[in-house]
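Engineer:
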Amino acid sequence: MEKYELTIVLDVKATAAKKKKITETIEKTVSLLKGKIGKIEDWGVKENGLYLFFPLELEKSSVKMIATKVEQETDILKHLLIRK
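Going by the working numbering, the sequence shown opens with residue 48, and the numbers climb by one from there.
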């Protein structure tokens, strides 16, 4: 397993329910792929967006599936997935 960092940006007006839904979706997807999530950080509002940070451990073959899932979420404005 390799370590990755996923940062997502939600609309500044995103409700707590939307933030929770996105977090649960990512947790569920990582779990299905037999990956691990470290401590999720809520970076708060910065530069017109609400930032969330997810440290991940995934198999290389699972990275594309996570990226695809994040891209399909309409509530996510931007994302960045990098290998640590």
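Heads up, the beta-carbon is just placed ideally off N, CA and C, and yes, glycines get one too. Computed from a predicted structure; not experimentally measured.
Note down, one range per segment and in chain order, each alpha helix (DSSP H) of at least 4 residues found wholly within the segment 92–119.
Structural biologist: With a minimum length of 4 residues, the continuous alpha helix (DSSP H) runs that stay inside the segment 92–119 are 110–119.
Engineer: When you compare the CB positions of Glu71 and Lys131, do they come within less than 8 Å of one another, or not?
Structural biologist: Against the sequence shown, residue 71 aligns to sequence position 24. Against the sequence shown, residue 131 aligns to sequence position 84. No, they are not a contact pair.
Engineer: Around the C-beta of Leu114, are 16 or more other C-beta atoms found within 10 angstroms, so that it is buried, or is it exposed?
Structural biologist: The residue labelled residue 114 in the question sits at position 67 within the sequence shown. According to the sequence provided, residue 114 is Ala. The question's Leu does not apply to it. Exposed is the call here.
Engineer: Under 8 Å between the Cβ atoms of Thr16 and Lys116?
Structural biologist: The question about residue 16 has no answer here: the residues shown for the chain are numbered 48 through 131.
Engineer: Pick from Tyr98, Ser108, Val110, Thr62: whose alpha carbon is nearest that of Leu56?
Structural biologist: Residue 56 sits at position 9 when you count from the first residue of the sequence shown. Just to set this straight, residue 56 is Val in the shown sequence, not Leu. Of the listed residues, the one whose Cα sits closest to Val56 is Tyr98.
Engineer: Whose C-beta lies closer than 6 Å to the C-beta of His126 among residues of the same chain, with five residues either side of it excluded?
Structural biologist: As a position in the sequence shown, residue 126 is number 79, starting the count at 1. Taken in chain order, the residues that qualify are Ile55, Val117.
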